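These notes are about the structure you will find just below.
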Amino acid sequence: MSNISLLILVLSFSLFYLYIINSLKEDKLSKDLLFFLLIGIILIFTLAVFYFYFQDINLSLIISFLLCINNYLLIREIKNINKRYIIITIPYFLYFIYVFFIILLKFL
């Protein structure tokens with residue numbers, strides 16, 4: 009990954025977790041949202057391990073696809089809680105779509 013993609017990663021994580029901290033202050037976190045956050049953290053860790061350490065493109069592609077689905081469900085749960093989409097959570101979702109397509113291109 010390039011330096012620009014790492015900068016976008018840090019920015020998207022910051023925006024997303026800024027929303028999560030704000031939701032914690034307002035006591036708007038549901039159990040479903042916490043579940044999707046925990047699964048997302050586990051999937052990000054396993055994606056990093058399989059992509060960078062083991063360099064297994066097949067498993068990395070499957071994990072990144074599952075991460076995209078998880079992030080979609082996470083964004084949908086945020087919409088259900090707030091009754092609208094929160095714009096600062098969208099870059100987090102888009103970044104992992106980008107990662108999925110990068111891994112897909114390397115797979116092909």
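Each residue of the sequence shown is one higher than the last, beginning at 9 in our numbering. Note that beta-carbon positions come from the ideal geometry of N, C-alpha and C, so glycine has one too. As the structure is a computational prediction, the values presented were derived from the model and not from experiment.
Same chain, Cβ closer than 8 Å to residue i, five either side skipped, listed in chain order
i   : result
Y93 : I83, I86 and K87
S20 : P99, Y100, L102 and Y103
K36 : I89 and N90
Same chain, Cβ closer than 7 Å to residue i, five either side skipped, listed in chain order
i    : result
L17  : Y103
I105 : C76
N79  : G48, Y100, F101 and F104
L74  : L51
L112 : L69
Residue i and residue j closer than 9 Å at C-beta
i    : j    : result
L167 : F108 : The chain is shown from 9 up to 116; residue 167 falls before or after that span and cannot be answered.
I28  : L45  : yes
T97  : F43  : no
Rounded distance between the beta-carbons of residue j and residue i, thought under 8 Å
i   : j    : result
I71 : L55  : 5 Å
I65 : F115 : 5 Å
L67 : F58  : 5 Å
With 16 other Cβ atoms within 10 Å as the buried cut-off, status of residue i
i   : result
I95 : exposed
N11 : exposed
6 Å CB neighbourhood of residue i in its chain, flanking five on each side removed
i   : result
I49 : none
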